[in-house]
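To start, the structure itself, in structure tokens.
Residue numbers (my numbering): 1 to 230.
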């Protein structure tokens, strides 16, 4: 781990992420402000846990579901700032510094990064950086694959990360809005386009749209999880 004052605890929810995790961890080591990495594993059957421990990460086993995994990982964190990160999202070296700068802005309680997809299958997946800005402007929300950072005391103030199987960033941002602004830090992360490559771009967008519409219509989150995984 980095020899620096503990500032940021990174919490990564995993489920069979042995292929993606090593490079994500390698890039995290280049972020000086990261003091610990917590892997909240939802029952991996591959080498995810072994890789995490071999790379000096703390590991917590918990039931699958990103919200409940993040909640379990956050409960173990010791850093004054928490960063929730997907196992396939790569941070640039300046990510820690700009996150702390972002949280120091007046009225800001949480933030995320701009995002681009690695190896997008076609042009329909491009423009993600603009979408991050537009989504924040219109909905005051950041997506989980952008990375979400906030003070640990803020997480405690809202009662912890929402214990939900899906849409955890929607629920989290909803609880944060009454406390202050959500902002974007001046850095861009790279996240995997593997779901688009697997399902196809149009089918993936259709699935995301269906899940989001179901969320706003009040469909139970467990049912939405089944839609998403199916």
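Even glycine gets a Cβ: it sits at the ideal position worked out from N, Cα and C.
Please state whether DSSP places residue i in a helix, a strand or coil.
i           : result
residue 30  : coil
residue 206 : helix
residue 76  : helix
residue 83  : strand
residue 110 : strand
residue 219 : coil
residue 1   : With a pLDDT of only 49 at residue 1, under 50, the local geometry of the prediction cannot be trusted, and the value read off the model is given with reservation. Here residue 1 sits in coil by DSSP.
residue 226 : helix
residue 118 : strand
Please say whether residue j and residue i have beta carbons closer to each other than 8 angstroms?
i           : j           : result
residue 113 : residue 95  : yes
residue 42  : residue 65  : yes
residue 186 : residue 98  : yes
residue 74  : residue 211 : no
residue 56  : residue 107 : no
residue 89  : residue 14  : no
residue 151 : residue 83  : no
residue 240 : residue 143 : Because residue 240 is not part of the residues shown, which for the chain are 1 to 230, the question remains open.
residue 85  : residue 60  : no
residue 120 : residue 126 : yes
residue 166 : residue 132 : no
residue 147 : residue 189 : yes
residue 140 : residue 177 : yes
Answer with buried or exposed for residue i, where buried requires no fewer than 16 other C-beta atoms within 10 angstroms of its C-beta.
i           : result
residue 93  : exposed
residue 145 : buried
residue 216 : exposed
residue 4   : The predicted model places residue 4 with a pLDDT of 45, which falls under 50 and marks its position as unreliable; any figure quoted below should be read in that light. Answer is exposed; the Cβ neighbour count stays below 16.
residue 1   : Interpretation of residue 1 is limited by its pLDDT of 49, a score under 50 that renders its predicted location unreliable; the figure taken from the coordinates is listed afterwards. By the neighbour-count rule (16 or more Cβ atoms within 10 Å), residue 1 is not buried but exposed.
residue 229 : exposed
residue 40  : buried
residue 24  : buried
residue 71  : buried
residue 17  : buried
Among the options, which has the Cα closest to the Cα of residue i?
i           : options             : result
residue 174 : 189, 190, 155 and 7 : 155
residue 44  : 19, 168 and 135     : 19
residue 209 : 149, 224 and 198    : 224
residue 202 : 38, 122 and 109     : 122
residue 91  : 117, 69, 79 and 78  : 117
residue 172 : 110, 21, 199 and 37 : 110
residue 79  : 49, 70, 33 and 52   : 33
residue 8   : 38, 22, 205 and 17  : 38
residue 182 : 135, 188 and 227    : 135
residue 51  : 30, 22, 35 and 72   : 22
residue 69  : 188, 29 and 164     : 164
Counting only runs that start and end within the region 138 to 189, where is the beta strand (DSSP E) found for 3 or more residues in a row?
148 to 151
Start-end ranges of the beta strand (DSSP E) lying completely within the region 20 to 70, minimum 3 residues
34 to 41 and 58 to 61
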